[in-house]
Structure formats: C-alpha cells, structure tokens
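2 protein chains.
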Amino acid sequence: MKVFIAGIDGYLGWPLAVYLTAHGHEVAGADLMLRREWVAEVGGTSAQPIEDRDTRLQAFKEKFGKDLDFRVGDLTDYDFVKGFFEEFQPEAVVHLGQMPSAPYSMIDQQHCVWTQQNNVVNNLNLLWAIKEVVPDAHLVKLGTMGEYGTPNVDIPEGFFEVEFRGRKDKLPFPRQAGSWYHQSKVHDSHNTHFASKMWGTRATDIMQGVVFGTQIEEMGDDMRLRSRLDFDQCFGTAINRFCCQAIVGHPLTLFGVGKQKRGFLPLVDSMACLRLAVENPPEEGEFRVFNQFENAYTITELAEMVQEVGAEIGLNVEIKHYDNPRKELEEHYYNPDRQHLIDLGYEPTHDIKSVMKQTMLDLMDNKHLIEEHIEALVPDIRWDSTRKKSVIIDEKTEA
Amino acid sequence: MKVFIAGIDGYLGWPLAVYLTAHGHEVAGADLMLRREWVAEVGGTSAQPIEDRDTRLQAFKEKFGKDLDFRVGDLTDYDFVKGFFEEFQPEAVVHLGQMPSAPYSMIDQQHCVWTQQNNVVNNLNLLWAIKEVVPDAHLVKLGTMGEYGTPNVDIPEGFFEVEFRGRKDKLPFPRQAGSWYHQSKVHDSHNTHFASKMWGTRATDIMQGVVFGTQIEEMGDDMRLRSRLDFDQCFGTAINRFCCQAIVGHPLTLFGVGKQKRGFLPLVDSMACLRLAVENPPEEGEFRVFNQFENAYTITELAEMVQEVGAEIGLNVEIKHYDNPRKELEEHYYNPDRQHLIDLGYEPTHDIKSVMKQTMLDLMDNKHLIEEHIEALVPDIRWDSTRKKSVIIDEKTEA
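In structure tokens, the structure reads:
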C-alpha cells in the first residue's frame with residue numbers, strides 16, 4: 120500500500136517508515152524538522168544519538184535497496200501538501216506531524232497559539248488534500264488518550280450510547296483535555312469527524328497512550344536507523360524519562376501523589392497498531408476511534424517497575440515525589456476500553472519490563488548525553504504559565 | 120462597568136455598544152472591519168444602509184455626549200489586544216469578533232482554514248490578555264446553538280449528568296457542529312472551558328440562536344446608529360433573509376423539506392441577554408454555558424409567519440422548497456433547554472411577528488439594495504465544496 124507519513128523525522132514517524140517498508144508498503148513522507156529545534160530550545164537532546172536526514176536516507180537505501188521520498192516541507196503550506204499528494208497518490212496518510220508536547224504548549228501565549236494554529240491547520244490541510252486529490256485514501260490521525268481527560272466513568276472508543284431524560288442517542292464521548300496541546304488534538308478529532316460526515320472521508324482517529332522504547336526489530340543492527348529518545352520535561356514521555364533518570368542516578372520524578380493513571384505502550388506496539396489501522400481501512404465515510412495502548416498503569420507502578428528492572432542491571436534507583444507543575448487530578452478513576460485494535464489482531468506486549476530493560480541498556484553507552492542535559496530532567500513549566508523548578512516534596516503533604 | 124466589545128462594527132457589536140452605553144456602561148472595542156469586505160465578496164450588501172466608522176462615531180458622540188474608543192485592529196495580533204486591555208482595563212469582554220458564516224467557511228480550503236485560524240487564535244488571544252492583564256475580567260464568548268448539532272436527546276446548557284455502565288459523572292454535552300465555522304466555535308468552547316479550569320478565568324459561553332431584526336429602541340430615530348442587515352447566502356440569517364425576500368417578491372427559500380428546527384431571537388432579546396450576562400458575572404474559575412434564544416421554531420413555521428405578516432402589510436409572499444445546499448437533517452428531534460438566562464431575568468419577546476413586521480417596514484424604503492443584489496438570495500455554496508445554484512424542487516421529492 121502507498122502510505123504517506125506526515126512527520127516522518129519524528130520519534131514515531133521514522134520507525135514507522137522503516138517498519139512499514141519492511142512489511143512491504145511503499146512509504147513517502149514529509150517533515151519540517153522542527154522537533155530537533157524544539158528539543159534544543161527546551162534544553163534537551165536525544166538520549167539515543169540520531170542521524171541527520173541525509174544519513175538516515177543513506178541507511179534506508181542500504182537496508183531496503185531503494186530511496187525513501189522524504190521531503191522537508193511545511194504541512195501548513197497547502198500547496199506543498201497537495202502537490203506531494205498529486206505526485207505520490209497515497210492510499211493511506213498517517214498524520215504524526217504535529218507539535219506533540221503538553222508543557223511546550225503551556226509555556227506562554229506564543230507557544231499556545233503556535234501549537235494550536237500549526238496542529239489544527241496542518242490537519243485541515245491533510246483532510247482537504249485527501250478530499251481534493253485522493254478522496255478514497257484513509258487518514259490515520261494520531262490523537263491522544265489525553266483528549267478524554269480523566270472522567271469518572273469508563274472511557275469508550277470515541278462514542279457512547281447515552282440515555283438522557285428518557286431518550287437515547289449514540290454521541291461522541293466528551294473530551295476534557297488537559298493542555299493547549301491536548302486541546303489541539305480535540306479540535307482535530309472534531310474536524311476529522313466532520314470531514315467524514317460531509318465528504319465521506321475514511322478516517323481512524325487514534326487515541327494513543329504514552330509510547331516508550333528505543334527500537335524495533337526491523338531496524339536491525341544499523342544504529343543509523345534508530346529513532347530519537349527524549350528525556351526533557353517537554354518532549355520526554357514518562358517511561359522514557361524514568362529510564363534516563365535511572366541510568367544517570369537521578370531520582371525518578373513522580374508529580375505529586377503519583378497516582379495518575381494513563382495508558383502506555385512500547386514503541387513496537389505503536390508500530391504494530393498503526394500498521395493494523397493502515398492495513399484495515401474503514402468504510403467510505405466511516406470515522407472510527409481506536410484507543411491504542413498496551414495497558415493502563417499508575418505513574419507509581421511504572422516507577423516501581425523501572426526501579427525493579429534497574430536493580431536487575433545493577434542500578435540503585437530512587438523514586439521521589441516532586442511538586443506537580445501541572446494542574447491535574449493526582450488520584451482518579453480510569454478505565455478506558457481498548458477493544459477495536461484487539462479485534463483487528465493486536466497482541467499487546469504484556470512484558471513491558473523487558474522493554475524497559477532494553478531501553479536502559481540501549482541508552483547506557485551514551486549516558487553522557489543525559490548527564491550533559493541534566494537540568495532538563497526536572498520540570499519548571501507550570502500550568503499557570505509561570506516557570507518554577509519543581510522540588511522534592513513529602514508525598515503526604517500533597518495527598 | 121467597563122466593557123470591551125470585540126467585533127464592535129458588526130451586526131451585534133454595534134448595537135451592543137449603543138445598548139450598553141445607554142444602560143450606563145463604559146464601552147470600548149475593536150474591529151478589523153472585515154465583515155463589510157466579506158459581504159461584498161459574496162455579492163451581498165447591507166439591506167439597511169450603514170455608515171462608515173467616522174460617521175458612526177460622530178452619531179454616537181451626539182447621542183451620548185462622549186467619544187467611543189473604537190479602534191481598527193486585528194484580534195489575532197496579540198500585542199494589539201494586550202495593549203488595548205492595558206489601557207482600557209476591561210471588567211467584561213464580549214467576544215463578537217469572529218467570522219460568523221457557515222457557508223463562507225465551506226467555500227474552499229482557503230476559507231475553511233482562514234475561518235478556523237482566525238476564530239481560534241483571536242479567542243485564545245482574548246483569553247491570554249484577560250489572564251495577563253485583567254485576570255478578574257469576565258469573558259462573554261459568543262458561541263452558537265449550532266455547536267450542539269441536532270442530537271436525538273434534549274440539549275442541556277453545556278453540561279449533563281450521565282450514567283454510563285453503572286457510574287455517574289457530570290460531563291460536557293457533546294458537540295456535533297455542522298460546518299467549519301461551527302466547528303471553530305466548538306474549538307473555542309473547549310479552549311475557554313480549559314482556561315477557566317487552569318487559570319480561574321470567569322467565562323460565559325453563549326450558545327446563541329439565530330438573531331433577526333433591524334433595530335433596538337436605544338438607537339432612537341438616528342438612522343446613523345442603525346446596524347447592518349445582511350440577506351446574502353453567507354451572512355444573511357434565516358428570518359432576515361425571509362423578510363428581504365418577502366419585500367422584493369422573491370419566494371422564501373426553504374432548504375429541502377424545511378423542517379429543520381433551530382432557536383431564534385430578536386436583536387433586542389440578544390442585547391438584553393448579553394447585558395444580563397455582563398451584569399451578572401460568574402464566579403472565579405466558573406465556566407457557564409447559556410443557551411440563548413427566544414424559542415425554537417421550524418424553518419417552515421418561520422416562513423409561514425413571514426408570509427402572514429407580509430399579507431398584513433400588503434405583500435403576497437410565496438414559499439418554495441429549494442434543493443438543500445447543506446448536508447443536514449431536514450427533520451429531527453430538537454429540544455434545547457433555555458433556563459439559565461430566564462433565571463437571571465430574561466423575558467423573551469414572545470410576539471416575534473411584530474419584530475418581523477418592523478423589520479420588513481424598516482427595509483422597505485431601501486428595497487432597491489436587495490433588488491440590486493438579487494442573485495445573493497439563492498444559495499450556491501454546497502457542503503461538498505462545489506458551487507451549484509439551488510433550484511426549486513417539489514417538497515415531496517426530498518421528504
């Protein structure tokens with residue numbers, strides 16, 4: 120299948136290009152290469168060294184014996200998107216090309232507005248280019264489990280049957296996102312659903328959990344094919360950050376009570392799920408929502424697993440509570456469904472500790488990269504848009 | 120109270136400046152004057168002649184004995200918004216400054232993207248300027264009843280108690296908007312709610328019905344104080360369009376079966392409701408939703424009222440069914456709540472026929488303006504983004 124990847128230079132985009140190509144698909148993609156700048160802006164770097172575009176493309180060619188059509192371009196420029204689609208004629212479009220960080224979007228007015236403008240406009244452009252160039256193509260849109268927030272009821276996959284004052288309807292499940300970034304994904308979900316209703320666009324809206332891990336099997340031993348791994352407060356995600364903290368002897372940073380529960384999944388599961396979505400397109404006009412995660416864990420459970428795995432490889436890992444820079448519930452009900460992907464054949468990894476171990480071992484050789492950016496490990500971007508470094512607190516004072 | 124009006128040159132913005140000033144408030148506002156350009160772009164004009172900004176300001180000064188601080192500026196320019204707030208120090212901000220047309224947003228990719236970018240960014244800027252300059256000020260945000268779409272259950276005011284799989288929660292009522300414009304208002308509602316939760320912003324999100332009418336008492340006999348009234352397919356709203364069609368002998372244009380039901384309210388009710396919202400601010404951190412309309416009517420009921428009122432003033436008014444350029448349910452359940460404003464003292468007009476009569480009589484003297492733009496009366500912007508003039512159909516073929 121011809122698959123266009125928006126955001127092909129990213130943490131998920133690059134591995135997906137490798138993964139789908141290894142599984143027989145023809146891939147092309149675009150990226151504005153901004154992720155590398157953002158991470159530098161907030162004082163981070165990739166803990167797993169990554170190559171520049173030319174070297175990635177060279178490694179790709181050596182591995183697969185063909186060129187990858189990976190263009191540097193701006194998805195908010197409609198002419199660029201439409202022109203690329205006219206040439207490539209994608210059958211599926213996987214949209215990973217957005218600003219993906221909650222804290223980054225909370226820094227100030229400029230970062231908030233930029234995030235929403237960029238994400239909303241580039242998703243609209245992909246919808247329009249599909250409509251105008253390849254109306255039968257399938258948009259696989261990366262959303263986030265964070266769109267739902269933490270309601271006090273089960274979280275279905277996108278829609279639920281409700282009875283209200285004696286009448287029934289199937290309605291979109293309400294979204295209560297917790298950052299300007301997460302709100303941008305909510306806007307995208309609404310826009311994408313509307314395109315399906317108006318134009319018959321085939322769309323899968325992926326409410327993905329938090330991804331972690333350094334590699335997928337399809338990369339083989341070629342380090343030039345590895346993906347980035349961030350650990351800073353903005354672009355590092357929970358387990359990846361914990362793994363990085365563990366290997367440099369920094370306490371794992373639980374925010375507040377640490378009972379926040381979220382869906383998580385290894386990088387390999389994310390790839391497998393995106394492939395399932397691509398290879399099983401919805402009907403014309405169908406807007407389907409997948410909740411995509413291996414399982415739901417509290418942050419404390421994950422930190423304790425990293426601690427345990429760390430001990431196995433000789434690391435003495437401390438866990439500390441920090442004052443929470445975010446405004447969020449620190450203890451709450453959380454029970455999201457995850458059936459649609461299972462129905463398509465998704466087999467969750469289950470043994471996530473082995474992925475944590477692999478991640479830590481992979482990062483060990485270059486742990487100086489983390490040590491050189493040690494300040495990035497503790498957050499200072501607060502949800503009231505002030506800046507104040509979080510400090511270690513007594514867990515009980517926050518409970 | 121010091122009230123900032125965003126979109127002070129518009130159909131609602133200008134009357135509100137007059138109305139609130141007449142009721143003792145100190146008003147300032149901004150407008151980029153785009154409405155006048157958009158209406159010209161789609162081949163329309165105001166059926167009620169309106170003055171340029173200087174003449175409006177002169178008339179305002181003669182009426183109230185003071186200057187109105189009405190600046191031409193772009194609300195997507197944060198420095199402009201923030202600077203104005205620093206000078207004026209508003210206690211309430213009424214946000215009417217957006218692109219308000221569903222068909223205009225459906226024209227093509229450019230109009231769609233422009234609408235969402237403009238509306239989302241300017242609302243974010245007002246939220247940020249309130250947070251950074253006047254955190255105690257109250258945002259009165261104009262949304263639309265169209266955010267809800269036409270669900271098969273009652274429509275509460277913003278939130279509802281649901282039971283799902285044996286657990287209960289109070290959740291935002293799902294939004295299912297029917298155009299890119301309406302979607303932009305849904306995005307704004309989510310962003311505004313989030314600001315209240317994160318920053319404690321006081322906000323009233325007004326889900327307003329469709330407004331009609333030419334004047335409010337507070338304008339007196341000075342024609343220079345009158346507001347615009349549009350009748351084109353984009354910026355003309357149902358009853359106003361029907362009144363214009365009636366006085367030039369054009370059939371009233373029902374779309375499809377004509378059983379679409381919506382909330383409607385006279386201009387004077389809109390002013391009264393906005394004043395109630397301004398004068399009764401919510402608590403710190405409170406995000407409240409008002410469904411704002413006089414009553415809900417089907418399009419056919421309204422057309423028949425215009426026909427009846429037309430007969431009283433000697434007009435022979437025909438009603439015709441046109442093929443529907445929109446994609447929408449033409450017969451559906453519709454039962455929205457409207458209690459919050461009643462609780463604050465809103466007294467609905469009830470006798471809307473007298474407002475229809477006043478509107479028609481007001482427009483009669485300048486009916487040549489409508490005749491000169493007669494092509495604007497029948498729509499051609501379709502929800503699949505093609506252009507094709509609607510034609511008269513046999514009602515039964517669509518049922």
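Protein chains in written order, with our numbering: chain A, 120 to 518; chain B, 120 to 518. For every residue, glycine included, the Cβ atom is placed at its ideal position computed from N, Cα and C. A quick note: this is a predicted structure, and the numbers were derived from the prediction, not measured.
Should Q295 of chain A be flagged as near chain B, meaning a C-beta pair shorter than 8 Å?
yes
Buried or exposed (CB count within 10 angstroms, at least 16 for buried), R284 of chain B
exposed
Closest to V240 of chain A by CA distance: which of B:D307, B:Q235 and B:I325 is it?
B:Q235
Give the secondary structure of R381 of chain A by DSSP, where H, G and I count as helix, E and B as strand, and everything else as coil.
DSSP places R381 of chain A in strand when its eight states are reduced to three.
Contact set between the region 215-237 of chain A and chain B, restricted to residues whose Cβ is under 9 Å from the partner
Correct list: M225, D227, Q228, Q229, C231, V232, Q235 and Q236.
Taking the alpha-carbon of V122 of chain B as reference, which of B:Q208, B:F179 and B:D196 has the nearest alpha-carbon?
B:Q208
Any C-beta of chain B under 8 Å from that of E517 of chain A:
Because the pLDDT at E517 of chain A is just 47, under 50, the model does not fix this residue reliably, and the value given afterwards should be weighed accordingly. So, not an interface residue.
D324 of chain A versus chain B: which residues are under 7 Å apart at the beta carbon?
What D324 of chain A touches in chain B: nothing, since even the nearest Cβ is about 14 Å away.
8 Å Cβ cutoff, M264 of chain B in contact with chain A:
no
Terminal residues of the beta strand (DSSP E) in which V239 of chain B lies
Taken as a continuous stretch (DSSP letters only), V239 of chain B belongs to no beta strand (DSSP E), being part of the alpha helix (DSSP H) at Q228 to V252.
Taking 8 Å as the threshold (beta carbon to beta carbon), is Y197 of chain B in contact with chain A?
yes
Does the region 462-472 of chain B come into contact with the region 320-329 of chain B, if we say contact requires no fewer than three beta-carbon pairs (one atom in each stretch) closer than 8 Å?
no
Opposite M326 of chain A in the DSSP bridges: which residues?
A:G262 and A:N410
Going along chain A, which residues have a C-beta under 8 Å from F412 of chain B?
What F412 of chain B touches in chain A: nothing, since even the nearest Cβ is about 19 Å away.
Reduced DSSP secondary structure (H/G/I, E/B, other) of G332 of chain B
coil
Tell me, please, whether the region 369-381 of chain A touches the region 432-447 of chain A by the rule of three or more beta-carbon pairs shorter than 8 Å.
yes
Applying the 10 Å Cβ sphere with the 16-neighbour rule, what's the burial state of D481 of chain A?
Looking at its Cβ environment, which holds 16 or more other Cβ atoms inside 10 Å, D481 of chain A is buried.
Nearest-angstrom Cα separation, counted from E403 of chain B out to Y452 of chain A
27 Å
Taking only beta-carbon positions, decide if N271 of chain A is within less than 8 Å of chain B.
yes
Out of curiosity, what's the CA-to-CA distance linking F204 of chain B and R394 of chain A?
Cα to Cα, F204 of chain B sits roughly 50 Å from R394 of chain A.
Give me, in chain order, the residues of the same chain whose beta-carbon lies closer than 6 Å to that of A248 of chain A; leave out the 5 immediate sequence neighbours on both sides.
V200, K201 and F204
How would you write the range of the alpha helix (DSSP H) that F203 of chain B sits in, first residue to last?
Y197 to F207
Could you confirm whether any beta carbon from chain A is found closer than 8 Å to the beta carbon of N310 of chain B?
yes
Helix, strand or coil, according to DSSP, for T165 of chain B in the structure here?
Note that residue 165 of chain B is Ser in the sequence shown here, rather than Thr. If DSSP states are grouped into helix, strand and coil, S165 of chain B belongs with the strands.
Rounded to a whole number of angstroms, what is the C-alpha to C-alpha distance between A166 of chain A and T311 of chain A?
34 Å
What first and last residue would you give for the alpha helix (DSSP H) that runs through Y453 of chain B?
No alpha helix (DSSP H) contains Y453 of chain B, which DSSP labels as neither H nor E.
In this structure, does DSSP put A518 of chain B in helix, strand or coil?
Note that A518 of chain B scores 43 on pLDDT, short of 50, meaning its location in the model is unreliable; the coordinates nonetheless yield the value given after this. Of the three classes helix, strand and coil, the one that applies to A518 of chain B here is coil, per DSSP.
So the candidates are A:C353, A:N359 and A:L290; which of them puts its Cα closest to the Cα of S346 of chain A?
A:N359
Would you mind telling me which residues of chain A sit closer than 9 Å to D442 of chain B, beta carbon to beta carbon, in chain order?
Those do not exist, as D442 of chain B stays about 17 Å from chain A at its closest Cβ, beyond 9 Å.
What is the rounded straight-line gap between the Cα of F361 of chain B and the Cα of K486 of chain B?
Each residue's Cα considered, the two are about 13 Å apart.
Thinking C-alpha only, which one of A:A296, A:L348, A:D171 and A:I366 is nearest V158 of chain A?
A:L348
7 Å CB neighbourhood of E450 of chain B in its chain, flanking five on each side removed:
V376 and K378
Enumerate in chain order the residues of its own chain whose CB-to-CB distance from T174 of chain B is below 8 Å, with the five nearest sequence positions on each side excluded.
R343
Span separating the alpha-carbon of F313 of chain B from that of R381 of chain B:
28 Å
Using the C-alpha atoms, what's the distance from Q352 of chain A back to L434 of chain A?
22 Å
Let me confirm a value: P254 of chain A is counted as buried when at least 16 other C-beta atoms fall within 10 Å, else exposed. Which label applies?
exposed
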